[in-house]
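**Student:** Numbering (my numbering), first residue to last: 80 to 270.
The beta-carbon is built from N, C-alpha and C at its ideal position, and this holds for glycine as well.
Nothing here was measured: the structure is a model prediction, and the numbers come from that model.
Right, I'll just put the structure down here and ask away after.
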Amino acid sequence: MRKKIFSFTSLLLLLLPFTLIAQTSPDEFLGHRVGADRKLADYNQIQAYFKKLDKESGKIKVLTIGKTTLGKPMIMAVITSEDNMAKLDTYRGISKKLRDARGLAPDEARKLAEEGKVIVFITCSLHSDEIGSSQAAMEFAYNLVTGKTPFDADKVLEDVIILIAPTINPDGHQMVTDWYRKYVGTKYEGG
80 MRKKIFSFTS LLLLLLPFTL IAQTSPDEFL GHRVGADRKL ADYNQIQAYF
130 KKLDKESGKI KVLTIGKTTL GKPMIMAVIT SEDNMAKLDT YRGISKKLRD
180 ARGLAPDEAR KLAEEGKVIV FITCSLHSDE IGSSQAAMEF AYNLVTGKTP
230 FDADKVLEDV IILIAPTINP DGHQMVTDWY RKYVGTKYEG G
């Protein structure tokens, strides 16, 4: 009997790493701390990080929302609880009905508002030289999906659907990052 219990326990311990996929931090992915001096993640890295986090967690889904002038995919991440993620189409439908509630009876509108979720849309880096928010977006997403926050992230994600576009100017972000990398350590670094 002891041998069977030991064998079963050993098997569970061997399989455990395959069932628990840890989320990669931005620092691990980039090879440096987000916000480190003289280090900037470019748009390709930011996009790749969000896609990696999508594969590692059921709390984030990365969507392509369009193409830039230069043909880069523009992404938006949806971050919420796994239960809400499974019902995204339902919540989208509720929001669609509530965005113009003129045709709804007050009781119906109230019922939909109670069934729906709060939706927060965060856009980062509108202007090409506003680099900081795009860098921080990776940490923000990571902290939400891992619960590494000073608040109960899981509780928040039960009630809220967060939409985050890490940059809404990928072409400009890439140009500024490329320029900075070219001139870092020179007299032109601060531009």
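Please work out which residues of its chain come closer than 6 Å, Cβ to Cβ, to Gln126, disregarding the five sequence neighbours upstream and downstream, and give them in chain order.
**Tutor:** If we look at Gln126 and ignore the five residues flanking it on each side, its Cβ neighbours are Ile154.
**Student:** State the start and end residues of the unbroken alpha helix (DSSP H) segment that holds Val224.
**Tutor:** Run containing Val224: 211-225, per the alpha helix (DSSP H) assignment.
**Student:** Could you tell me which residues DSSP puts in a beta bridge with Ala244?
**Tutor:** Thr202, per the DSSP bridge assignment.
**Student:** Find out if the Cβ-Cβ distance for the pair Thr159, Leu236 is shorter than 8 Å.
**Tutor:** Yes, Cβ-Cβ distance for Thr159 and Leu236 is below 8 Å.
**Student:** Run through DSSP, which three-state label would Val197 get?
**Tutor:** Here Val197 sits in strand by DSSP.
**Student:** Taking the beta strand (DSSP E) that Thr143 belongs to, which residues open and close that run?
**Tutor:** Per DSSP, Thr143 belongs to the beta strand (DSSP E) from 139-146.
**Student:** If I follow the unbroken beta strand (DSSP E) through Ala156, where does it start and stop?
**Tutor:** That run of the beta strand (DSSP E) goes 152-158.
**Student:** I'd like to check one pair, Met164 with Gly137: are the Cβ atoms closer than 8 Å?
**Tutor:** For Gly137 and Met164, yes; Cβs fall inside 8 Å.
**Student:** Starting from the C-beta of Gly117, find all residues in its chain whose C-beta is less than 6 Å away, skip the five residues before and the five after it, and write them out in chain order.
**Tutor:** This sequence places Arg at residue 117; Gly is not what is there. Counting only Cβ-Cβ distances below 6 Å, and skipping sequence neighbours, we find Val263.
**Student:** For Leu94, name the three-state secondary structure that DSSP assigns.
**Tutor:** For Leu94, the pLDDT reaches just 48, beneath the cut-off of 50, and the residue's location in the model is therefore unreliable, leaving the point undetermined.
**Student:** Taking Arg171 as part of the alpha helix (DSSP H), name the residues at either end of that continuous run.
**Tutor:** Run containing Arg171: 167-178, per the alpha helix (DSSP H) assignment.
**Student:** Using C-beta distances below 7 Å, list every residue in its chain close to Thr225, excluding the 5 sequence neighbours before and after it, in chain order.
**Tutor:** Cβ within range, chain order: Gln102.
**Student:** In angstroms with no decimal places, state the Cα-to-Cα distance between Met217 and Thr202.
**Tutor:** Going by the C-alpha atoms only, they are around 13 Å apart.
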